[in-house]
Amino acid sequence: MNITVDQAREKLLAAIGADTQPAAALSGGAHIHAGNGNLVGDSVRASVLARIGRGERQADNAYNGMTLRELARASLVDRGIGVASLNAPQMVGLAFTHTSSDFGLILLDVANKSVLAGWEEAEETFPLWTKSGILTDFKPARRVGLGEFSSLRQVRE
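Quick look at the structure:
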């Protein structure tokens, strides 16, 4: 019996599919995902922001009660990265350095939002420790008044 590779493939596929039922056709055309596709990262970020008081606690967020170590593990495991053979420092290190894990960037983003919020909420202190003055020329001037600091110790040279 002489047959080509293509003929053999056709016969093999026909034999394999002889006892199967066709799958139902998709109705309504293509399915379009209208999200950002980063559900794990967004959920981890939301849980950390809620924990530090910078966001609302989402009742349906599965990451709400996790420690940072558990969040590092989840950020790897939920992306299909096995961590069963790693100890805690190795696993956390992998969460920060693995190319498909954005755990370090999530924590960086949370820290950045916290710093910016602190910057916006802090009161201006410049007027408390400076005075305005008038200089009549453009020469360098030094206006250090030690009279305000009566309790400074003298430092010998």
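Using my numbering, the letters of the sequence shown map in sequence onto residues -8 to 148.
From the three backbone atoms N, C-alpha and C, an ideal C-beta is built for every residue, glycine too.
Starting from Lys104, follow the alpha helix (DSSP H) in both directions and report where the run begins and ends.
-> Counted from its first residue, the sequence shown places residue 104 at position 113. Note, Lys104: alpha helix (DSSP H), 94 to 112.
Consult DSSP for Leu77 and reduce its assignment to one of helix, strand or coil.
-> Locating residue 77 in the sequence shown gives position 86, where the first residue counts as 1. The answer is coil: DSSP assigns Leu77 none of H, G, I, E or B.
Look up Phe117 in the DSSP assignment and say whether it is helix, strand or coil.
-> Looking up residue 117 in the sequence shown gives position 126. The answer is helix: DSSP assigns Phe117 an H, G or I state.
Confirm, please, whether the CB-CB distance from Arg60 to Ala170 is below 8 Å.
-> The structure shown has nothing for residue 170, since the chain only spans -8 to 148.
Cβ shell of Lys104 (< 8 Å), same chain only, five flanking positions each side left out = The residue given as residue 104 occupies position 113 in the sequence shown. So the list reads Leu40, Arg45, once near-sequence residues are dropped.
Check whether the region 86 to 104 touches the region 59 to 76, counting contact only when three or more Cβ pairs, one atom from each stretch, lie closer than 8 Å.
-> yes
In three-state terms, what does DSSP make of Met(-8)?
-> Numbered from 1 along the sequence shown, position 1 holds the residue referred to as residue -8. In the structure shown, Met(-8) sits in coil (DSSP, three-state: anything other than H, G, I, E or B).
Indicate, with yes or no, if the ligand GDP has a heavy atom lying under 7 Å from the CB of Thr90.
-> Among the components modelled here there is no ligand, and therefore nothing to report on the ligand GDP.
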